[in-house]
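Going by the numbering used here, the first residue of the sequence shown is number 200, and it counts up by one from there.
Note that CB positions come from ideal geometry on N, CA and C, so glycine has one too.
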Amino acid sequence: MANTDSSNSDATEPRKPGDQTEDEALQDAETLPREGPPAGPSTAPSPAIITEEVSSSAIEVLSSIGPSVPPEGPQLSPENLAMVNREISLGMIDIDRLVRYLENEQIRPSKAVLDLLIEGDAGGERVLSLLFLYADFLTEDQQIRLFMQMNYNARIRDEWLQIFFEDGKLNPAIPEIEDGLMQTAYGINILVLLAFDGKYVPRNEKVLVFAKKLLAAGRFGVEALQRMTAGTQPLFRLPDELRDEFDVQNELYEDSNRVYNFIHDNADYAEKIGRLIEEIVAGTWNVRDPLAQTLGRLRERDETGFVLLKENVAGLTPDYIQAIIEGIFLEDVDADGLHIRAYEGKILGSGGMGRVFSTAYCAGDSKELRFQALKVANESREEIFEVEKDRAPMVREWNNPHINKPLHICSSCIIYETGKNAKDLEVDIDNLPPRRWLQQFIYAMKGAAEYQGRRYIHGDIKPNNVLSYDIPEGRKTVLIDNSPTKADAGLIVRARDRRPFPAWSHAREFTVGGLLMFYIAEDIENRFYGIDNYSIYKTYSYWINRVHFRLTEGQRNVISNAFMSFYNPFSADKYKRITNPAALQKLIEDLEKIVDEWPQ
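Structural data, given as structure tokens:
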């Protein structure tokens, strides 16, 4: 990738730190920028155009960083400083140690140091906070590499990337960065925000691409394009070749707004829309009624959507009615040969592999819309999502009531049985009676026990992956993000392959070399139980801190004793306990005895 920095006019491929001579690297490692680190970012979020999601977690993290690095720590001796600079020059320094030196101002943020931070672990919060503070000193090539690292990781992208751009830490005008942003809906959203803030104008050759992406982004994209191309001083001129498509999308945008306003102005909107649809079918509708005209245009452009609205309008929320009017759906054929049409509702969650939406969908010839959850791949993680799709049929065959069941497996998505709300447990845990909370936790462990009984590893058990929701029979609790990994030597994960495995489930006790991104394999037959068991213990530790004040002293003691027998971090045989094949089953039995004795 070419370096277009003004100081490197030959635009040749930049050398990596390891390609420098030793003298060059040592000199570079000791170079201090002329100015100190920039002030911390503003904590005020900007309004989104294409999406209404704002990353509060990133803002909180950056707010806690403050305007400068921590106080100066003890200085390194000249000998130790020379040794550290040599490690930096050779690219052999441990990232955690490098971060500690920077935070204590014991070394300087040279180009070689920033290179190591970007290449070593640009996904860590401490690393990103330092890169944010020193971003004004990044070369153009370093900005490109940092952007690629952040854009690849869905969590980091969602929580940090927009803030880096809004505060000028990354330059959207760099061609490689602009091209990268153009590839995803999230990136287009960032460009729209920057454009309205006067921080971005598409390059001449990118105007057509940018405008097409906005037209494909639904009513919010059309609204953004209207604002950018209208007035006496437009941001850019609408390309002539898009004029007809823009007119069509603009009409759809106006129809959508008309329905939106009607729904919010009429409490009996479903009844009135249903009556209009019947009149349209019968040919007795008022052709001058704007809403009837909108529904008539829906029938013309999407007969199936019109029929689905007709048959289901009484049970649809405003979000789903909007989705049908706008045509926001996925259409595919599942593994059983059934034609699937799934409308996207509210987003329920976003993880490393994909996003999950509530969905109203129909399968085969049925015109009845059913309500479940729709999982689609993050645009940068499609290859990893393929693994989940490949393993989903196996999970469905297990048919365990405590493992989230995939109902329809398609090339573009998976429809899971998770009810209408996939956040109930996380929202309600602070208010759940102790007995109910413990019973739900037991159900989650029974899902994990299914894995262990079949010699598979879940690999990502954590609070956000335990869902509890209402069904007619009561309440159901399941494990989600199910992508079973066989417990064999294939669990070795090299550094270059590390991204598919979330950090929550990793413990140093179950890895090689003390590195969190490596699984053991030499005695995996004996120790694999510890991988998910440790995650169960971590989930317990997280939840007990949320509910402990509502437990009696006796309840706290009996739960603590049960988990001490499962995993006691202060015991010499703690690893032997947690890796025991019978450990999880014994814990379940102990907790079931406890919950039976607690009041309803």
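query, result
"Pick out whichever of 423, 411, 416 and 727 has its Cα sitting closest to the Cα of residue 438.", "411"
"So who's on the other strand from residue 794, going by DSSP bridges?", "Answer by DSSP bridge pairing: none, since residue 794 is not bridged."
"Per DSSP, what kind of secondary structure is residue 333 in: helix, strand or coil?", "coil"
"Compute the Euclidean distance between the alpha carbons of residue 311 and residue 290, then round it to the nearest angstrom.", "8 Å"
"Roughly how many whole angstroms lie between the Cα atoms of residue 804 and residue 358?", "Nothing can be reported for residue 804: it is not among the residues displayed for the chain, which extend from 200 to 799."
"Kindly give me the distance between the Cβ atoms of residue 422 and residue 452, rounded to whole angstroms, as I take these residues to be in contact under 8 Å.", "7 Å"
"Assuming the contact rule is C-beta atoms closer than 8 Å, residue 454 and residue 496 should be a hit. Round their C-beta distance to whole Å, please.", "6 Å"
"Report the CB separation of residue 648 from residue 783 in whole angstroms; it is logged as a contact under 8 Å.", "5 Å"
"Pick from 611, 379 and 328: whose alpha carbon is nearest that of residue 346?", "379"
"Could you tell me which residues DSSP pairs with residue 542 in its beta bridges?", "528 and 559"
"Who are the Cβ neighbours of residue 728 in its own chain at under 8 Å, not counting the five residues just before and after it?", "651, 777, 778, 779, 780, 782 and 783"
"Are residue 599 and residue 553 touching if we call contact CB-CB under 8 Å?", "no"
"Would you kindly check if the distance between the Cβ of residue 362 and the Cβ of residue 326 is under 8 Å?", "no"
"For residue 635, which residues does DSSP report across the bridge?", "Bridge partners of residue 635: none, in fact."
"Going by the DSSP bridge assignment, what does residue 677 pair with across the sheet?", "666"
"Taking the alpha-carbon of residue 608 as reference, which of 667, 545, 639 and 540 has the nearest alpha-carbon?", "540"
"Note down the Cα distance separating residue 490 from residue 417, rounded to an integer number of angstroms.", "20 Å"
"Name, in chain order, the residues that DSSP records as bridge partners for residue 570.", "559"
"Leaving out the 5 sequence neighbours to the left and right, which residues in its chain are closer than 6 Å to residue 478 when beta-carbon positions are compared?", "484"
"According to DSSP, residue 684 sits in a beta bridge with which residue or residues?", "656"
"Is residue 277 helix, strand or coil when you go by DSSP?", "helix"
"Taking residue 449 as the reference, give the member of 414, 758 and 475 with the closest Cα.", "414"
"Between 534, 613, 514 and 640, which has its C-alpha nearest residue 567's C-alpha?", "514"
"Among residues of its own chain, excluding the 5 on either side of residue 537, which ones have a beta-carbon nearer than 6 Å to its beta-carbon?", "562 and 563"
"Would you kindly work out how many angstroms separate the C-alpha atoms of residue 571 and residue 533, rounded to a whole number?", "15 Å"
"Ends of the beta strand (DSSP E) at residue 615?", "613 to 615"
"Rounded to whole angstroms, how far is the Cβ of residue 547 from the Cβ of residue 523, which I believe are closer than 8 Å?", "No, residue 547 and residue 523 are not in contact; Cβ-Cβ is about 19 Å, not under 8 Å."
"What residue range is occupied by the uninterrupted beta strand (DSSP E) comprising residue 608?", "605 to 608"
"What span of residues does the alpha helix (DSSP H) with residue 773 cover, start to end?", "773 to 777"
"Considering only the alpha carbon of each residue, which of 606, 520, 735 and 674 lies closest to residue 644?", "735"
"Tell me the residue span of the alpha helix (DSSP H) that contains residue 399.", "Run containing residue 399: none; DSSP gives neither H nor E here."
"Would you kindly check if the distance between the Cβ of residue 333 and the Cβ of residue 374 is under 8 Å?", "no"
"Whole-angstrom Cβ separation of residue 794 and residue 638, contact assumed at under 8 Å?", "5 Å"
"Straight-line CA distance for residue 381 to residue 420?", "13 Å"
"Secondary structure at residue 554, three-state DSSP: helix, strand or coil?", "strand"
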